[in-house]
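Basically the working numbering = 1-based index in the sequence shown + 489.
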Amino acid sequence: MPISSPSAHRRKRGFRKGAIAAASLGALVAGTYAIVAPAGAASTTADQPHVKRMCSQPSKPGMMACLGLVRTDIVKHQVAGANDTPQGFGPDDLRKAYNLTGDGAGQTVAIVDAQDDPNAAQDLAAYRKQYGLPDCGDGCFKKIDQNGGTNYPTADAGWAGEISLDLDMVSAIAPKANILLVEANSANMSDLGAAVNQAVKSGAKFVSNSYGGGEDASDAQADTQYFNHPGVVITASAGDSGFGVEYPAASPNVTSVGGTSLTKDSSSRGWSEKVWGTSAGGEGTGSGCSTVEAKPSWQKDTGCSKRTVADVSAVADPATGVAVYDTYQSNGWQVVGGTSASSPIIASVYALAGAPSSGSNPASFPYKNASALNNVTSGSNGSCNPSYLCNGGQGYNGPTGLGTPNGLKAFTG
Numbered sequence: 490m491p492i493s494s495p496s497a498h499r500r501k502r503g504f505r506k507g508a509i510a511a512a513s514l515g516a517l518v519a520g521t522y523a524i525v526a527p528a529g530a531a532s533t534t535a536d537q538p539h540v541k542r543m544c545s546q547p548s549k550p551g552m553m554a555c556l557g558l559v560r561t562d563i564v565k566h567q568v569a570g571a572n573d574t575p576q577g578f579g580p581d582d583l584r585k586a587y588n589l590t591g592d593g594a595g596q597t598v599a600i601v602d603a604q605d606d607p608n609a610a611q612d613l614a615a616y617r618k619q620y621g622l623p624d625c626g627d628g629c630f631k632k633i634d635q636n637g638g639t640n641y642p643t644a645d646a647g648w649a650g651e652i653s654l655d656l657d658m659v660s661a662i663a664p665k666a667n668i669l670l671v672e673a674n675s676a677n678m679s680d681l682g683a684a685v686n687q688a689v690k691s692g693a694k695f696v697s698n699s700y701g702g703g704e705d706a707s708d709a710q711a712d713t714q715y716f717n718h719p720g721v722v723i724t725a726s727a728g729d730s731g732f733g734v735e736y737p738a739a740s741p742n743v744t745s746v747g748g749t750s751l752t753k754d755s756s757s758r759g760w761s762e763k764v765w766g767t768s769a770g771g772e773g774t775g776s777g778c779s780t781v782e783a784k785p786s787w788q789k790d791t792g793c794s795k796r797t798v799a800d801v802s803a804v805a806d807p808a809t810g811v812a813v814y815d816t817y818q819s820n821g822w823q824v825v826g827g828t829s830a831s832s833p834i835i836a837s838v839y840a841l842a843g844a845p846s847s848g849s850n851p852a853s854f855p856y857k858n859a860s861a862l863n864n865v866t867s868g869s870n871g872s873c874n875p876s877y878l879c880n881g882g883q884g885y886n887g888p889t890g891l892g893t894p895n896g897l898k899a900f901t902g
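So this is what it looks like as structure tokens:
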């Protein structure tokens with residue numbers, strides 16, 4: 490069957506503010522979140538939340554961009570009062586939505602990002618205090634550079650926001666896990682890859698990567714150099730620009746994580762999800778058929794002869810975004826989306842399930858237990874052929890993979 494080339498979509502790195510379903514934003518308002526436009530800002534409409542990318546677009550091959558999207562139509566608050574609830578989904582929401590148990594005690598989840606966040610520890614402490622999570626004063630948080638030391642790279646406000654998002658999502662899902670932040674010297678894949686290797690060398694069994702860039706011929710070499718870690722969970726964000734494939738999400742050595750719109754409802758689950766994006770494309774979760782990477786043996790979809798993105802998914806739509814606390818050149822509480830949120834969520838769900846067996850490829854685990862996931866059957870992130878590569882549907886689909894967590898069974902070997 491013919492396959493739509495994702496290359497054109499992949500190059501459209503700018504986030505175009507297209508139509509987001511009114512139901513998604515309505516759910517955000519209904520679920521205890523109030524939308525308030527800042528003074529002087531453009532008014533927010535029900536189908537168009539205003540967002541900005543945390544990181545600039547890659548300028549050349551081999552460069553990566555973080556995949557966080559921050560809402561700009563919501564007033565930021567430096568401090569949330571004792572009786573206030575920050576806007577955006579918090580830990581209880583996420584754990585209930587995904588039927589999660591356990592706390593991650595004894596596991597180490599690593600976050601790999603570029604540049605430095607000088608306020609990482611204090612912002613993490615504020616997030617955890619707000620939600621009554623265990624304090625990190627006992628040493629649960631550690632920050633290192635890509636060489637394992639404390640010679641941190643230059644601070645950057647965009648990547649600092651990404652770091653806050655990642656650390657907060659690990660805390661939300663696995664509140665007693667140890668968190669290791671590894672800061673790469675730059676957003677070049679060689680530095681980020683060195684940071685991945687350092688995370689594994691430092692003992693992390695779960696490594697989240699909330700960044701991506703275009704595919705190129707060097708990806709196979711990067712797979713071997715940076716992502717070939719049997720027995721270690723490595724997650725990677727699928728992208729925020731709609732239909733199209735990014736690296737390292739396309740690597741067969743990683744669990745590729747797509748994104749959904751998450752809504753509270755009156756169903757027996759209490760929640761519903763659809764593909765984050767629109768049929769017009771240009772925004773939403775990434776997905777598609779790799780032009781570079783070979784298809785792993787455990788992936789059985791028939792419309793793509795190479796690696797298909799994604800494997801699983803979690804909330805990523807900024808219109809149904811998560812609460813994050815960030816003060817480095819930022820004003821505190823904010824609502825954030827992007828597949829930068831879904832990648833650390835899934836890495837932390839793996840941590841709740843326990844360390845993977847030696848020699849295993851944890852990306853294959855959900856394919857053995859697909860029935861233990863919430864299948865996402867509606868929504869679209871663009872136009873494609875075969876249609877499952879960009880549309881929700883029964884069974885496997887590109888934007889959300891096999892689905893979202895429903896407990897831990899799908900994340901065990």
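The beta carbon of each residue, even a glycine, is placed where N, CA and C say it ideally should be.
Quick caveat, the model's predicted, so the values are computed rather than measured.
Straight across, the Cα-Cα distance linking A738 with L556 is about 12 Å.
Taking 8 Å as the cut-off, the beta carbon of D806 is found closer than this to the beta carbon of G826. The beta carbon of L622 sits closer than 6 Å to those of S660 and P664, all from its chain and outside the five residues before and after it, given in chain order. Three or more Cβ pairs closer than 8 Å define a contact, and the region 680 to 698 meets that threshold against the region 600 to 612. In this structure, G773 lies near G731, with their beta-carbon atoms less than 8 Å apart. Unbroken beta strand (DSSP E) runs of no fewer than 3 residues, entirely contained in the region 672 to 720, are found at 695 to 698 and 700 to 703, following chain order. The beta carbons of T893 and E762 sit closer together than 8 Å.
Rounded to whole angstroms, the gap between the alpha carbons of S786 and V798 is 14 Å. Beta-carbon to beta-carbon, S776 and N864 are separated by about 15 Å, too far to satisfy the 8 Å threshold. Contact check for S697 against D634 fails: the beta carbons are separated by 8 Å or more.
Around the beta carbon of A706, a 10 Å sphere encloses fewer than 16 other beta carbons of the protein chains shown; the residue is thus reported as exposed.
Beyond the five residues adjoining it in sequence on each side, I835 comes within less than 7 Å, by CB distance, of T724, T744, V746, V801 and A803 in the same chain, given in chain order. Excluding the 5 residues flanking it on each side, G882 has same chain C-beta neighbours closer than 7 Å at T866, in chain order. In this structure, T809 keeps its C-beta atom at 8 Å or more from the C-beta atom of G728. Separation of the CB atoms of D657 and V813 is rounded to 5 Å, and the pair is thereby assigned contact status at 8 Å. Rounded to the nearest whole angstrom, the CA to CA distance from E704 to S779 is 8 Å. Considering only P875, A840, K898 and Y885, the residue with the shortest C-alpha distance to Q596 is A840. Residue pairing for P894: DSSP places it in a beta bridge opposite L862. Contiguous alpha helix (DSSP H) elements confined to the region 641 to 677 occur at 646 to 662, taking only those with 4 or more residues.
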